[in-house]
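Have a look at the structure below, then the notes.
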Amino acid sequence: MSSPRTLFDKIWDSHVVLSRGAQSLLYIDRHIVHDGSFHAFNMLRARGLAVRRPAQNFGTPDHYVPTHGRSPADAATPEIRGMIETLERNLAETGIQRYPLDDIRQGIVHVVGPEQGITLPGLTLVCGDSHTSSHGALGAFAFGIGQSENLHVLATQTLWQTRPRTMRIAVEGRLAAGVSPKDVVLAIVAHIGAGGAVGHVVEFAGSAIRAMSVEGRLTVCNMSIEAGARAGLIAPDDTTFAYVAGRPLAPQGEAFDRALAQWRGLPSDPGAAFDRETTLDAAAIAPMVTWGTSPEDALPIDAVVPDAKPQALAYMGLVPGTRLTDIAIDRVFIGSCTNSRIEDLRAAAAMLRGRKARVPTLVVPGSGLVKAQAEAEGLDKLFLAAGFEWRHAGCSMCVGINGETGRPLERIASTSNRNFEGRQGKGVRTHLLSPAMAAAAAVEGRLVDIRGIA
Amino acid sequence: MQKFDKLTGVAAPLAMINVDTDMIIPKQHLKTIKRTGLGKALFDEMRYEADGSEKPDFVLNQPAYRKAQILVAGANFGCGSSREHAPWALLDFGIRCILAPSFADIFHNNCFKNGILPIPLPQETIDKLMDDARKGANAQLTIDLETQEIVRPDGEVIKFRIDDFRRHCLLNGLDDIGLTMQKGGDVDSYEARQKTAQPWLAMAQD
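Shown next as structure tokens:
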């Protein structure tokens with residue numbers, strides 16, 4: 052028998068078409084495009100190339116879409132409307148499976164993929180978005196690419212890649228009340244740094260990860276890119292298989308059973324070697340919030356603003372020694388590919404208990420199906436009663452390219468993934484946190500330690 | 018794709034870690050259908066005041082560095098979003114080579130697709146090159162991809178190593194799609210094998 056292999060090794064080895072030096076031509080099982088992928092289609096046309104496997108490619112608009120209406124005509128500007136319509140045209144012309152703006156299945160690519168069963172254990176999946184790492188939550192090797200690589204996949208269904216190194220991050224033990232997967236991943240990024248996993252595929256393991264739902268795992272893998280990881284991965288288990296079963300594009304019946312038998316062989320073998328390993332104590336993780344302009348600038352909510360990174364502090368308008376719970380908030384955003392799934396919305400709604408928002412708060416579900424589910428559960432009524440805005444699905448204020456941004460110097464508590472300078476609008480100050488922490492911040496008007504109220 | 022063989026030019030020092038792609042090219046410039054003309058927006062927020070005037074302290078606004086072709090930067094350069102507008106903006110400004118202790122993976126790949134050479138080097142080497150860059154226009158660096166050498170202004174030679182296939186593509190200005198299409202038969206065979214081994218992966222169609 053061969054030597055023990057990691058989950059990553061197994062997926063990689065089964066997808067190498069051929070190798071040339073340090074580069075391998077990797078077969079790509081699934082490719083998702085969005086409304087920012089137009090250069091790839093333009094280049095495809097310019098070179099007279101066809102899409103090799105249209106049925107293995109999928110498209111939905113998310114980055115540029117309006118969230119207050121479902122027509123491209125609702126877009127903030129004619130230019131942005133053009134982006135949405137161009138995707139529609141490109142998908143129609145190439146025969147790629149599409150989930151257009153008025154389709155209930157439309158949503159953020161990283162919500163739609165798992166929801167539709169596009170994402171499956173053991174496959175390779177790419178998308179022109181860095182948070183494609185999300186899909187690793189189901190045990191797929193998934194990573195973000197640029198538009199030249201989008202073009203390469205459209206034309207050849209393959210990509211040239213250098214084999215990444217492997218890293219195992221174990222989170223062992225039980226999470227305390229009020230501590231969510233978002234807090235876990237913020238703690239991990241703070242622990243290993245924004246460049247801590249560059250060149251590595253990270254397998255998240257340990258009892259705290261195994262105890263998470265697929266939705267929680269998606270949040271963790273989503274932000275593995277914020278530690279620089281090429282991809283995040285979690286071994287598929289019964290939780291994964293139960294999630295996948297019955298999804299529209301998942302194998303059905305006998306095909307599912309056959310797939311399942313192979314998927315059970317995917318987890319890393321006992322004794323498989325990783326290039327690096329680290330362990331975190333789950334019980335020691337507190338609700339987290341970022342204070343600076345990199346996701347690594349995260350601290351437990353009961354900490355104070357550190358005396359570090361003067362440029363970040365100047366941008367954030369913060370003074371060292373200030374308690375994080377004394378920071379007043381101007382606006383709240385609940386959404387993004389990190390935290391816009393039904394469990395996220397339930398966690399946010401559970402913090403309200405009849406209280407009203409003190410600051411403008413936007414709730415943007417991750418897909419039309421998440422929105423419908425939330426409405427079936429009455430979450431929309433709870434949000435609206437609290438004075439929150441309840442919108443249609445899209446990336447919205449996480450990246451702001453649909454025109455939904457904050458104002459200069461505004462301080463936003465956001466469930467998204469990046470607190471870079473200017474990310475949510477020029478001069479906007481972003482504090483990353485979990486959905487429950489964001490909802491609590493909305494009703495208190497400041498950052499709150501939810502352990503005091505949860 | 019523009020080929021890269023040998024370059025002698027001014028290197029601009031950007032001594033920051035975690036330079037993200039939102040910094041390199043902010044979102045308001047992602048709506049253009051064109052891939053050229055982005056150089057004006059490179060490092061937009063660090064480079065310009067709110068009224069559009071230049072911030073004189075920013076390195077690329079200083080006379081010595083206005084025509085820099087090389088960037089020396091801190092670790093994890095190009096982190097964040099996968100936007101290929103980042104290398105497009107760098108290229109349009111005239112940057113052909115970036116030297117840093119490490120690069121974010123997606124940005125690193127995007128560079129090779131656009132004729133930009135990113136070279137990861139040990140921190141102590143970057144420290145020396147950062148000192149060279151701080152000397153301005155009188156301290157040019159030479160980057161030779163053929164011999165895989167950097168020549169410092171004092172004549173010291175620093176060796177680097179780039180994967181052979183990528184080096185071949187850059188030296189000849191080849192993009193890899195043509196090369197991959199020549200291997201279409203291998204992809205066909207792979208797909209046939211997968212259809213047997215993992216029949217559920219093939220989608221009904223094709």
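Line order of the protein sequences matches chains A and B. Start counting the first sequence at 52; every next residue gets the next number (the numbering used here). Start counting the second sequence at 18; every next residue gets the next number (the numbering used here). Backbone N, C-alpha and C fix where the C-beta goes; we use that ideal spot for every residue, glycine too.
For a cutoff of 9 Å on Cβ pairs, would you count residue i as touching chain A?
| i | result |
| --- | --- |
| Thr197(B) | yes |
| Asp223(B) | Summary for Asp223(B): the model assigns pLDDT 44, below 50, so the residue's position carries little reliability; its value from the coordinates is reported in the next sentence. With 9 Å as the cut-off, Asp223(B) counts as an interface residue toward chain A. |
| Asp39(B) | yes |
| Ser99(B) | yes |
| Asp181(B) | yes |
| Pro43(B) | yes |
| Ala85(B) | no |
| Arg113(B) | no |
| Leu59(B) | no |
| Gly201(B) | yes |
Can the beta-carbon of residue i be found less than 9 Å from the beta-carbon of residue j?
| i | j | result |
| --- | --- | --- |
| Phe434(A) | Glu428(A) | no |
| Ile47(B) | Asp109(B) | Inspection of the sequence shows that residue 47(B) is occupied by Leu rather than by Ile. No, these two residues do not count as a Cβ contact at 9 Å. |
| Ala349(A) | Leu483(A) | yes |
| Ile115(B) | Ser99(B) | no |
| Ala436(A) | Val415(A) | no |
| Met198(B) | Ala206(A) | yes |
| Gly417(A) | Gly386(A) | yes |
| Met18(B) | Asp192(B) | yes |
| Met40(B) | Glu472(A) | yes |
| Arg219(A) | Arg315(A) | no |
| Leu226(A) | Ala333(A) | yes |
| Gly457(A) | Gly438(A) | no |
| Ala398(A) | Ser485(A) | yes |
| Val27(B) | Ala81(B) | yes |
| Leu138(A) | Asp180(A) | no |
| Pro165(A) | Leu269(A) | yes |
Would you say residue i lies against chain B (beta-carbon separation less than 9 Å)?
| i | result |
| --- | --- |
| Thr209(A) | yes |
| Ile380(A) | no |
| Ile135(A) | no |
| Arg281(A) | yes |
| Arg497(A) | no |
| Thr145(A) | no |
| Val116(A) | no |
| Ser345(A) | yes |
| Asp80(A) | yes |
| Pro302(A) | yes |
| Arg474(A) | yes |
| Ala296(A) | no |
| Pro215(A) | yes |
| Lys422(A) | no |
| Ala245(A) | yes |
Tell me, to the nearest whole angstrom, how far the beta carbon of residue i is from that of residue j; I am working on the premise that it is less than 8 Å.
| i | j | result |
| --- | --- | --- |
| Ile133(B) | Arg113(B) | 6 Å |
| Ala32(B) | Met147(B) | 6 Å |
| Met134(A) | Tyr115(A) | 4 Å |
| Glu455(A) | Arg382(A) | Not confirmed; about 11 Å, so no contact. |
| His186(A) | His161(A) | 7 Å |
| Gln157(A) | Arg298(A) | Going by Cβ atoms, the distance from Gln157(A) to Arg298(A) rounds to 16 Å, so no, they are not a contact pair. |
| Ala493(A) | Thr412(A) | 4 Å |
| Ile167(B) | Ala92(B) | With a Cβ gap of about 18 Å, Ile167(B) and Ala92(B) do not count as contacting. |
| Ala188(A) | Val240(A) | The pair is not a contact, with the Cβ atoms about 16 Å apart (cut-off 8 Å). |
Is residue i close to the ligand NAP? I mean its beta-carbon at under 8 Å from any heavy atom of the ligand.
| i | result |
| --- | --- |
| Gly503(A) | No copy of the ligand NAP occurs in the structure displayed, which carries no ligand at all. |
Excluding the five sequence neighbours on either side, which residues of its own chain have a C-beta within less than 8 Å of the C-beta of residue i, listed in chain order?
| i | result |
| --- | --- |
| Gln74(A) | Trp211, Gln212, Thr213 |
| Leu69(A) | Ser75, Leu76 |
| Leu162(B) | Phe21, Asp22, Lys23, Leu134, Ile179, Arg184, Leu187, Leu188 |
| Val355(A) | Pro371, Gly372, Thr373, Arg374, Leu375 |
Can you list, in chain order, the residues of its chain whose CB lies under 6 Å from that of residue i, leaving out five sequence neighbours each side?
| i | result |
| --- | --- |
| Asp223(B) | Because Asp223(B) sits at a pLDDT of 44, beneath the cut-off of 50, its placement in the model cannot be relied upon, and the following sentence gives the value as read from the coordinates. Same-chain partners within the cutoff: there are none. |
| Ala489(A) | Val383, Ile385, Ala464, Thr466 |
| Gly451(A) | Gln475, Gly476 |
Cutting at 7 Å between CB atoms, please list the residues of its own chain near residue i, excluding the five before and the five after it.
| i | result |
| --- | --- |
| Phe120(B) | Phe94, Gly95, Pro135, Pro137 |
| His102(B) | Ile42, His46, Leu47, Leu55 |
| Val76(B) | Ala29, Pro30, Leu31, Tyr82 |
Determine, for residue i, whether the minimum Cβ-Cβ distance to residues of chain C falls below 9 Å.
| i | result |
| --- | --- |
| Gln157(B) | In the structure shown, chain C cannot be found, because the protein chains are A and B. |
message = Runs of 3 residues minimum, wholly inside the stretch 278 to 306 of chain A: which ones carry the beta strand (DSSP E) assignment?
response = 282 to 285
key: Contained alpha helix (DSSP H) runs [length at least 4] in the stretch 24 to 88 of chain B, N- to C-terminal order   = 38 to 41, 61 to 64
ask   = Which runs of the beta strand (DSSP E) spanning at least 3 residues fall entirely within the stretch 398 to 464 of chain A, listed in chain order?
value = 412 to 414
key: Every unbroken alpha helix (DSSP H) inside the stretch 61 to 129 of chain A [4 residues or more]   = With a minimum length of 4 residues, the continuous alpha helix (DSSP H) runs that stay inside the stretch 61 to 129 of chain A are 89 to 97.
ask   = Hey, which unbroken runs of the alpha helix (DSSP H) at 4 residues or more fall wholly within the stretch 77 to 161 of chain B?
value = 102 to 110, 122 to 129, 140 to 151
inquiry  = Quick check on the DSSP output: what are the complete alpha helix (DSSP H) runs of length 4 or more inside the stretch 166 to 214 of chain A, in order along the chain?
reply    = 198 to 207
message = Going residue by residue through the stretch 237 to 285 of chain A, where are the continuous alpha helix (DSSP H) segments of at least 4 residues, counting only ones entirely within it?
response = 258 to 261, 265 to 273
task = Could you tell me which uninterrupted alpha helix (DSSP H) segments, each at least 4 residues in length, are contained entirely in the stretch 342 to 396 of chain A, listed from first to last along the chain?
result = List check, alpha helix (DSSP H) in window: 361 to 367.
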